[in-house]
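The structure under discussion appears below in the form of structure tokens.
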Amino acid sequence: MGRLSRSATLNDFYTALALTVRDRVLKQGVHTLETYTERDARVVAYLSAEFLPGPHLANNMLNLGIMDQTRQAMAGLGMNLDTLLEQEEEPGLGNGGLGRLASCYLDSLASVEIP
383 MGRLSRSATL NDFYTALALT VRDRVLKQGV HTLETYTERD ARVVAYLSAE FLPGPHLANN
443 MLNLGIMDQT RQAMAGLGMN LDTLLEQEEE PGLGNGGLGR LASCYLDSLA SVEIP
């Protein structure tokens with residue numbers, strides 16, 4: 383982020399963490415696409431105009447298996463991970479309902495690595 387930690391804002395820490403996690407998620411996504419291509423896998427897709435997936439950062443860290451490491455790293459920087467996670471805004475896509483339920487199903491499938 384180009385800032386000293388002593389002058390960084392809470393949002394600076396959040397952004398740095400989010401970008402770091404994003405890099406790991408993208409790497410995993412590329413690996414997933416390679417696997418799909420190698421196996422000629424079928425894919426389940428769901429298109430909906432209404433779903434509320436909620437904040438993504440904590441879920442991504444959990445799925446990557448880096449929650450505890452991240453908590454320790456943030457503590458080493460004098461930051462509370464839960465406080466940083468509160469900085470993420472709800473994307474607010476739609477109003478929930480069946481779209482929200484479908485989003486939960488797709489998230490669960492992705493979490494257990496089912497294409």
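383 is the number of the first residue of the sequence shown in our numbering; add one for each residue after it. Beta carbons are placed, not taken as given, at the ideal position from N, Cα and C, and that holds for glycine. No experiment lies behind these values; they were computed from the predicted model shown.
- In the structure shown, the three-state DSSP call for GLN469 is coil.
- Fewer than three beta-carbon pairs drawn from the region 418-429 and the region 459-473 are found closer than 8 Å, and the two stretches are therefore not classed as touching.
- By the C-beta density criterion, LEU439 is buried, having at least 16 other C-beta atoms within 10 angstroms.
- Counting of Cβ neighbours within 10 angstroms places MET383 among the exposed residues, the total staying below 16.
- In terms of Cβ geometry, SER493 and ASN445 form a close pair [threshold 8 Å].
- ARG406 places its beta carbon 8 Å or farther from that of ASP394.
- Burial check for TYR487: the Cβ neighbour count within 10 Å stays below 16, so the residue is exposed.
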